[in-house]
Amino acid sequence: MISKKYRLKGGVTLYYQPQLYGNDPKPYTHYPRLLENENDYRQSAQVILFEHANFRGAHKHVFNQESNLNAPDDNFFNDKVSSIVIISGQWQFYRDWNFQNPYPYILGPGTYPWVEAVGIKNDDMSSLRSV
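Under the numbering used here, the sequence shown has 1548 at position 129, and the numbering climbs by one with no breaks.
Next up, the structure:
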């Protein structure tokens, strides 16, 4: 059976296959964020943080902002960032949590294999956000 195509706000396209899920005419109404959110993942600012220089070690993908890299439930990257890939957006990085003590430069899309080359002290970042 042919799948149905739903075009959502923000350019997101979902495909619905009746043979798998039945003939519900509105299969995605239980996902209101997908139907109402005009800012899908492609419009979000995105950055990947790496534990070591040259994009090595563990990594963390951040969308739009992270106010506390030292949060109790996810603190591995606090003071452990050595390289960055900015996928989209303009980013400000901070020494301390809650966007305190900014580093001097706002960075745009690109690869940054060593944070100290762009004025960010190695293993010192605690928060970041798109601006």
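Backbone N, C-alpha and C fix where the C-beta goes; we use that ideal spot for every residue, glycine too. Owing to the predicted nature of the structure, the values given are computational and were not obtained by experimental measurement.
task: Throw me the rounded Cβ distance for the Pro1532 and Phe1474 pair, which I believe falls under 8 angstroms.
output: About 6 angstroms separates the Cβ atoms of Pro1532 and Phe1474, confirming a contact at the 8 angstroms cut-off.
message: Measuring straight from C-alpha to C-alpha, what distance separates Gly1581 and Leu1547?
response: One cannot answer for residue 1581 here, as it falls past the ends of the chain, which runs 1420 to 1550.
query: For Ala1464 versus Glu1470, is the C-beta distance shorter than 8 angstroms?
result: Taking 8 angstroms as the Cβ cut-off, Ala1464 and Glu1470 do not qualify as a contacting pair.
message: In the DSSP output, which residue or residues are listed as bridge partners for Trp1510?
response: Bridge partners of Trp1510 according to DSSP: Leu1526 and Ser1549.
- request: Count the other C-beta atoms from every protein chain shown that fall within 10 angstroms of the C-beta of Asp1492, then say buried if there are 16 or more, exposed otherwise.
  value: Counting every other CB atom within 10 Å of its CB across the protein chains shown gives Asp1492 a total below 16, marking it as exposed.
task: Kindly list the residues whose CB is nearer than 7 angstroms to the CB of Asn1517, restricted to its own chain and excluding five residues on each side of it in sequence; keep chain order.
output: These residues qualify, in order along the chain: Ser1486, Asn1487 and Ser1546.
field: Ala1472 in three-state terms, based on DSSP
entry: Three-state result, Ala1472: helix.
Straight-line gap, Ala1472 to Gln1519 (C-alpha atoms, nearest Å): Counting only the Cα atoms, Gln1519 lies some 24 angstroms from Ala1472.
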